[in-house]
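Participant: Those protein sequence lines, which keep their order, are chains A and B.
If you count the first sequence from 1, position 111 lands on 110 in numbering that gives the first Met the number 0, and the numbers rise without skipping.
If you count the second sequence from 1, position 133 lands on 132 in numbering that gives the first Met the number 0, and the numbers rise without skipping.
Yeah, the Cβ is synthetic: ideal placement off N, Cα and C, and Gly gets one too.
I'd like to ask you about the structure that follows.
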Amino acid sequence: MLTPVQDWVMGAAGGLMIGLAAVLLMGSLGRIAGISGLAGGLLDRLLGRGEREAAGWRFAFIAGVVLGPLLFAALRGGAPVPVRLDVTAWPLLAIGGLLVGFGTRLGAGCTSGHGVCGLARFSGRSMVATAVFFLAALATVFATRQLGLFGLGG
Amino acid sequence: MGLARLAAGGGAGLLFGVGLAVSGMMDPARVIGFLDIGRLAGEGVWDPTLGFVMAGALLATAPGFAWLRRRGAPRLADAFQWPTRRDVDARLVLGALLFGIGWGLIGFCPGPALAALSTGSAPTAIFAAAMAAGMLLYGATVGRR
């Protein structure tokens, strides 16, 4: 069984907006719209590193990403966008966050930088990274949701 | 110039955030619904949406980037900063591996985690704080130069 086609259409429409946002950022500021790179570059300022002159627009971009869902919810009449997590134990949330934060910086990109932007440039590095993080995620979900590792799933 | 750069960054980010909300990918249950291919067997319901999100995004970035490459420079900066590295090294592969494990464990990658902060969800805040800590940990250790 598959989910309704209407969901897939919304997915493609949202994806188109994400892609357009990436084209906008490259066309205006000449930068790759990679969330981990933008957020990491901003956090690097706390360590006294990173580009000082890029901090302003990077902050504005991240603020836009956070506020975007509120705008969408307001436009469609107020119901908040659902966020459903099947993991609620804080140690697991913390481990997941650490892995995603450290991993995306070490691997120089995430779903947006390597996936949405890198694949569009036919970058070999991004193709390898995207294949690796998708396969690792598929294996992790299988181990947790199908086999019940960490007490998750079924 | 400064204000225009702020507006361009903020505008692109806002469109990105709206796109995440429209696509449904702000919701970890939808992401897990795609990654959990075990649902293809038996009586499970598999959600192909994430594939459509990636395809929709690439439908904009692939021709968009190709078009921009033929232009001289971006509007508000001196030059396009296209990534130039081509080597596949251990850091790239290990980083992608760690990221993929965390992504599969929770269902959040960086963009959706930040977008979901807007809902005030407490587990999202814990995840995002740990994600920021992970990024800072990288900057303070192996990312140090």
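#1: For residue 89 of chain B and residue 53 of chain A, what's the separation of their Cα atoms in angstroms?
#2: Work out the CA separation of residue 60 of chain A and residue 13 of chain B for me, nearest whole Å.
#3: Using 8 Å as the limit for Cβ to Cβ distance, is residue 78 of chain A near chain B?
#4: Please confirm whether residue 118 of chain B has its beta-carbon closer than 8 Å to some beta-carbon of chain A.
#5: Which complete alpha helix (DSSP H) runs does the region 91 to 141 of chain A hold, if anything under 4 residues is left out?
#6: Below 8 Å on C-beta distance, what does residue 10 of chain B contact in chain A?
#7: I want to see whether chain B comes within less than 8 Å of residue 104 of chain A, judged by CB atoms only; does it?
#8: Name the two residues that bound the continuous alpha helix (DSSP H) containing residue 102 of chain B.
#9: Quick one: what does DSSP say residue 1 of chain A is sitting in, helix, strand or coil?
#10: Suppose contacts are defined by Cβ-Cβ distances below 8 Å. Is residue 5 of chain B in contact with residue 56 of chain A by that definition?
#11: Express the C-alpha separation of residue 76 of chain B and residue 134 of chain A in angstroms, rounding to a whole number.
#12: Under 8 Å, with one C-beta from each stretch per pair, do the region 111 to 118 of chain A and the region 10 to 26 of chain A reach the 3-pair mark?
#13: Just verifying my parser: in three-state terms, what is the DSSP assignment at residue 7 of chain A?
#14: Let me know if residue 85 of chain B comes out buried or exposed under the rule of 16 or more other beta-carbons within 10 Å of its beta-carbon.
#15: Using the Cα positions of residue 81 of chain B and residue 31 of chain A, report the straight-line distance between them to the nearest angstrom.
#16: Give me the residue from A:43, A:110, A:91 and A:96 with the minimum Cα distance to residue 150 of chain A.
Facilitator: Put simply:
#1: 28 Å
#2: 7 Å
#3: no
#4: yes
#5: 123 to 140
#6: 23 and 63
#7: yes
#8: 89 to 105
#9: strand
#10: yes
#11: 37 Å
#12: yes
#13: helix
#14: exposed
#15: 7 Å
#16: A:91
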